[in-house]
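*Asks:* If you're matching them up, the sequences are chains U and S in order.
Numbering of the first sequence is given in our numbering, commencing with residue 1 and proceeding in unit increments.
Numbering of the second sequence is given in our numbering, commencing with residue 1001 and proceeding in unit increments.
For glycine and all other residues, C-beta sits at the position ideal for the given N, C-alpha and C.
Dumping the structure here so I can ask a few things about it.
There are 2 protein chains.
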Amino acid sequence: MTRLHELLWDLPTADAASAAEVHDRAAHILRPSGALAWLDELAEWIAGWHRTSRPRVDRPVGLIFAADHGVAAVEAVSAYPSEVTAAMFDAYRHGRSTISAFARQVGATVVAVDVGIGKPTGDIRVEPALEPERFDQIVDTAAAAVDRLDGDLLVVGEMGIGNTTASAAIAAALAGGETAAWVGRGTGVDDAGLARKRVAVQRAVRRIAGVTDPIEVLREVGGAELVAIAAAVVAARHRSMPVVLDGYVVTASVLPLVMIDPTALDHCIVGHCSAEPGHRRLLERLGKRPLLDLDMRLGEGSGAMAAVPLVAMACAGITEVPTFTEWFGQPD
Amino acid sequence: MTRLHELLWDLPTADAASAAEVHDRAAHILRPSGALAWLDELAEWIAGWHRTSRPRVDRPVGLIFAADHGVAAVEAVSAYPSEVTAAMFDAYRHGRSTISAFARQVGATVVAVDVGIGKPTGDIRVEPALEPERFDQIVDTAAAAVDRLDGDLLVVGEMGIGNTTASAAIAAALAGGETAAWVGRGTGVDDAGLARKRVAVQRAVRRIAGVTDPIEVLREVGGAELVAIAAAVVAARHRSMPVVLDGYVVTASVLPLVMIDPTALDHCIVGHCSAEPGHRRLLERLGKRPLLDLDMRLGEGSGAMAAVPLVAMACAGITEVPTFTEWFGQPD
Chain U
1 MTRLHELLWD LPTADAASAA EVHDRAAHIL RPSGALAWLD ELAEWIAGWH
51 RTSRPRVDRP VGLIFAADHG VAAVEAVSAY PSEVTAAMFD AYRHGRSTIS
101 AFARQVGATV VAVDVGIGKP TGDIRVEPAL EPERFDQIVD TAAAAVDRLD
151 GDLLVVGEMG IGNTTASAAI AAALAGGETA AWVGRGTGVD DAGLARKRVA
201 VQRAVRRIAG VTDPIEVLRE VGGAELVAIA AAVVAARHRS MPVVLDGYVV
251 TASVLPLVMI DPTALDHCIV GHCSAEPGHR RLLERLGKRP LLDLDMRLGE
301 GSGAMAAVPL VAMACAGITE VPTFTEWFGQ PD
Chain S
1001 MTRLHELLWD LPTADAASAA EVHDRAAHIL RPSGALAWLD ELAEWIAGWH
1051 RTSRPRVDRP VGLIFAADHG VAAVEAVSAY PSEVTAAMFD AYRHGRSTIS
1101 AFARQVGATV VAVDVGIGKP TGDIRVEPAL EPERFDQIVD TAAAAVDRLD
1151 GDLLVVGEMG IGNTTASAAI AAALAGGETA AWVGRGTGVD DAGLARKRVA
1201 VQRAVRRIAG VTDPIEVLRE VGGAELVAIA AAVVAARHRS MPVVLDGYVV
1251 TASVLPLVMI DPTALDHCIV GHCSAEPGHR RLLERLGKRP LLDLDMRLGE
1301 GSGAMAAVPL VAMACAGITE VPTFTEWFGQ PD
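Below you can see the structure in the form of structure tokens.
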């Protein structure tokens, strides 16, 4: 039993009454009923988790976890060397990354948390990514990071050279099908690198053939930032904070949660569909439709952050627009 | 020769040098090359029309044209009576509509222009929507409205009970195919209304069977706000102001332009794909991919306004993020 298992106990549910109130209001607002479709559903969803019939998104916050991967240190599965993880982390800290630029447009803050830069995980081809003790430490670090946040909508993102390899291993192990189909080019690896990546994922998946607990799969073939994301998403649930998921790595990170508790991602939406081919298949598996589909494949929470204005507008469409009765006055 | 024909003369082109500079910068920015895909292309596009290598979207502006339709006054082709046009116009003016709420989230202003509320167009089943003189007046009004705007990205929208009937007639007349396939439920007309709407469109299209000039088609079976949109889009081009197109009505309004000059919409992107079924087909015809696909069907520029943050973020992703060289310093 890991700390992540414990964190999954007693998950709160959304406030059905607040959501129902928004649902009812949406049907009477000064526009053709149903004209905003999905956006009205987003406002309902925020209302349920914020436990208010006047949903708003005023303080979105991005939380990025970064770490290094043992497999990337010893095998060229990425187009970039492991040192890039630390360099990008520095850019997040100085507000100079793409997610930072997006966040400023959205009025969001960004917090970057180092959960293992320079402390690579085990080489997942031959050994567990994380020993149980470190796994639990990462879960606690991530949960504490969420508890420190001041925000009303959480965007989770990641950075870690080699982490689409780990994501493919999780997806292949938990969602099944042909392993190679879960392996994409990530940041843009060449054909030889893609071949190495496929072999690495196949070896990792074969190594853990007997592991049935999805969270153990995450510990065995995941990575530090992937564990942190899973933990942060559950910690946000305990704060009733809705979450916008990002691309392939984030989605693979949270897949184990929903296999333990099918309601575990009810407080999450998917910001975008990545160009990484496995992502669309994972989303189908989760039954979640992405808000955006723009061929992005950056990670660092950028696709999720790009979707934040839609959620904010959805709420404004409920709270700032009168109903027909409010606008025209009471009927005689 | 109408005023709209004249407006289509001597259209300026984008500044290729500025666009190329952004294209080059995008390839060297502190992220995997190509990771933002389409968003980098949006920044290039803004750069070309703004004629600067440092594209920004700081002052988006929504321009909504509203008018009444003769066919809606005499035949129930809409779920709502014509009086709703005036009521909604009032809501725009008071900042209480959905587009107004969206605009506040985006930092945009909204300008609503009455081009024929209470002055319905002709019943397109039996007569031209607009006589040549009124057509030209509307073109001048719309162009003048654009000239008064202070903005760096134009969102065009519309309101007019009955205007999806006019849009379907334009699309059927100009894009061909089975007329009924261009007719959808608009604001939510019932089965009987949909049948009346199909008949109305068929009659209108049959009436103008001999008309070959696309702008004459717009005058014959369009509507005042549709003409205004077409004129505003061309006027924006003369100011080198990029435009975000909205849903079915806006797209049908500008279809004649591209049939006169294939480059006429080079300064336009499509904000979203509407739930109105003809819209997707029209977009395929135009070869334009919508940024959003959220099942919205409101009109009033709401889907286009919802896409504005993506354009602003695309620009920030170029101008506010360093290149690898800027971040790491000059290579040795």
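For residue 255 (chain U), which residues from the same chain have a beta carbon less than 8 Å from its beta carbon, with the 5 sequence-adjacent residues on both sides left out?
*Replies:* Counting only Cβ-Cβ distances below 8 Å, and skipping sequence neighbours, we find 170, 171, 174, 175, 214, 282, 285 and 286.
*Asks:* Using a Cβ-Cβ distance under 8 Å, would residue 246 (chain U) count as near chain S?
*Replies:* No, its Cβ sits nowhere closer than 8 Å to a Cβ of chain S.
*Asks:* Which one or two residues does DSSP pair with residue 1062 (chain S) in a beta bridge?
*Replies:* S:1110 and S:1155, per the DSSP bridge assignment.
*Asks:* Please name the residue, chosen from U:197, U:317, U:302 and U:294, that lies closest to residue 1302 (chain S) on a Cα-to-Cα basis.
*Replies:* Selected option, being the one with the closest Cα: U:317.
*Asks:* For the putative contact between residue 985 (chain S) and residue 1091 (chain S), defined by C-beta atoms under 8 Å, what is the C-beta separation to the nearest angstrom?
*Replies:* Any question about residue 985 (chain S) goes unanswered here, given that chain S covers just 1001 to 1332.
*Asks:* Show which residues of chain S have a CB atom less than 7 Å away from the CB atom of residue 61 (chain U).
*Replies:* Here the premise fails: no neighbours, minimum Cβ distance about 17 Å.
*Asks:* Pull up the CB-CB distance for residue 1245 (chain S) and residue 1271 (chain S), whole angstroms please, since I reckon it's below 8 Å.
*Replies:* Rounded, the Cβ-Cβ distance is 6 Å, consistent with contact.
*Asks:* Output yes or no for whether 8 Å exceeds the beta carbon distance between residue 1233 (chain S) and residue 1273 (chain S).
*Replies:* Cβ atoms of residue 1233 (chain S) and residue 1273 (chain S): not closer than 8 Å.
*Asks:* Between which two residues does the alpha helix (DSSP H) carrying residue 273 (chain U) extend?
*Replies:* No alpha helix (DSSP H) holds residue 273 (chain U); DSSP gives it neither H nor E.
*Asks:* Does residue 112 (chain U) have its Cβ less than 8 Å from a Cβ in chain S?
*Replies:* Closer than 8 Å: no.
*Asks:* Under 8 Å: do the stretch 42 to 57 of chain U and the stretch 1094 to 1103 of chain S share three or more Cβ pairs, one atom per stretch?
*Replies:* With the cut-off at 8 Å, the stretch 42 to 57 of chain U and the stretch 1094 to 1103 of chain S do not touch.
*Asks:* Please confirm whether residue 294 (chain U) and residue 39 (chain U) have their CB atoms less than 8 Å apart.
*Replies:* For residue 294 (chain U) and residue 39 (chain U), no; Cβs fall outside 8 Å.
*Asks:* Could you check the C-alpha separation between residue 212 (chain U) and residue 218 (chain U) for me, to the nearest Å?
*Replies:* So the alpha carbons of these two residues sit roughly 11 Å apart.
*Asks:* Rounded C-beta distance between residue 1022 (chain S) and residue 1153 (chain S)? I'm assuming under 8 Å.
*Replies:* Not really, about 16 Å apart at Cβ, beyond 8 Å.
*Asks:* Pick helix, strand or coil for residue 1128 (chain S), following the three-state DSSP scheme.
*Replies:* Residue 1128 (chain S): coil per DSSP, three-state reduction.
*Asks:* Here's a check: name, in chain order, each residue in its chain whose Cβ is nearer than 7 Å to the Cβ of residue 1033 (chain S), leaving out the five neighbours to either side.
*Replies:* Answer for residue 1033 (chain S): 1027, listed in chain order.
*Asks:* Any idea which residues DSSP pairs residue 245 (chain U) with across the strands?
*Replies:* Answer is U:270.
*Asks:* Just how far apart, CA to CA, sit residue 207 (chain U) and residue 46 (chain U)?
*Replies:* So the two alpha carbons sit approximately 41 Å from each other.
*Asks:* Count the other CB atoms, across all protein chains shown, that sit within 10 Å of the CB of residue 3 (chain U); report buried if there are 16 or more and exposed otherwise.
*Replies:* Buried is the call here.
*Asks:* Quick check on the burial criterion: 16 or more other C-beta atoms within 10 angstroms. Buried or exposed for residue 1065 (chain S)?
*Replies:* Buried: at least 16 other Cβ atoms inside 10 Å.
*Asks:* Give, in chain order, every residue of the stretch 1094 to 1127 of chain S whose Cβ lies closer than 8 Å to some Cβ of chain A.
*Replies:* The question asks about chain A, but that chain is absent: this structure's protein chains are U and S.
*Asks:* Hey, is residue 321 (chain U)'s beta-carbon within less than 8 Å of any beta-carbon in chain S?
*Replies:* Yes, residue 321 (chain U) counts as interfacial toward chain S.
*Asks:* Is it true that the stretch 146 to 161 of chain U meets the stretch 77 to 87 of chain U, where meeting means three or more beta-carbon pairs spaced less than 8 Å apart?
*Replies:* Yes, the stretch 146 to 161 of chain U touches the stretch 77 to 87 of chain U.
*Asks:* Closer than 7 Å by C-beta to residue 187 (chain U): which residues in its own chain qualify, once you throw out the five before and the five after it? Chain order, please.
*Replies:* Cβ neighbours of residue 187 (chain U) beyond the five flanking positions: 78, 79 and 80.
*Asks:* Give the C-beta separation of residue 1019 (chain S) and residue 1048 (chain S) to the nearest angstrom, bearing in mind that I take them to be a contact with Cβ-Cβ under 8 Å.
*Replies:* Indeed, because the Cβ distance is near 4 Å, the residues count as touching under 8 Å.
*Asks:* Using a Cβ-Cβ cut-off of 8 Å, state whether residue 187 (chain U) counts as contacting chain S.
*Replies:* Chain S contact via Cβ: present.
*Asks:* Does DSSP classify residue 1029 (chain S) as helix, strand or coil?
*Replies:* In the structure shown, residue 1029 (chain S) sits in a strand (DSSP, three-state: E or B).
*Asks:* Identify each residue in the stretch 19 to 33 of chain U for which the Cβ-Cβ distance to at least one residue of chain S is less than 7 Å, and report them in chain order.
*Replies:* Residues passing the 7 Å Cβ filter: 30, 31, 32 and 33.
*Asks:* Which residues in chain U sit within 8 Å of residue 1159 (chain S), going by Cβ to Cβ distance?
*Replies:* Going along chain U, no residue has its Cβ under 8 Å from residue 1159 (chain S), so there is no contact; the nearest lies around 10 Å.
*Asks:* Roughly how many angstroms separate the alpha carbons of residue 239 (chain U) and residue 147 (chain U), rounded to a whole number?
*Replies:* Each residue's alpha carbon lies about 8 Å from the other.
*Asks:* Measuring straight from C-alpha to C-alpha, what distance separates residue 72 (chain U) and residue 1328 (chain S)?
*Replies:* For residue 72 (chain U) and residue 1328 (chain S), the distance between alpha carbons rounds to 22 Å.
*Asks:* How far does the beta strand (DSSP E) with residue 290 (chain U) in it extend, from its first residue to its last?
*Replies:* That run of the beta strand (DSSP E) goes 290 to 292.
*Asks:* Just to confirm, does residue 1015 (chain S) get its C-beta within under 7 Å of one of the non-hydrogen atoms of the ligand COA?
*Replies:* Looking at this structure, you won't find the ligand COA or any other ligand, since it has none at all.
*Asks:* In chain order, what residues of the same chain lie with their CB nearer than 6 Å to the CB of residue 182 (chain U), ignoring the 5 residues before and after it?
*Replies:* Same-chain partners within the cutoff: 168, 171, 172 and 278.
*Asks:* Given a limit of 9 Å on CB to CB distance, which residues of the stretch 292 to 303 of chain U reach chain S?
*Replies:* Of all residues in the stretch 292 to 303 of chain U, 292, 293, 294, 295, 296, 297, 298, 299, 300 and 302 have a Cβ within less than 9 Å of some Cβ in chain S.
*Asks:* Is the beta carbon of residue 297 (chain U) less than 8 Å from the beta carbon of residue 247 (chain U)?
*Replies:* Yes. Within cutoff.
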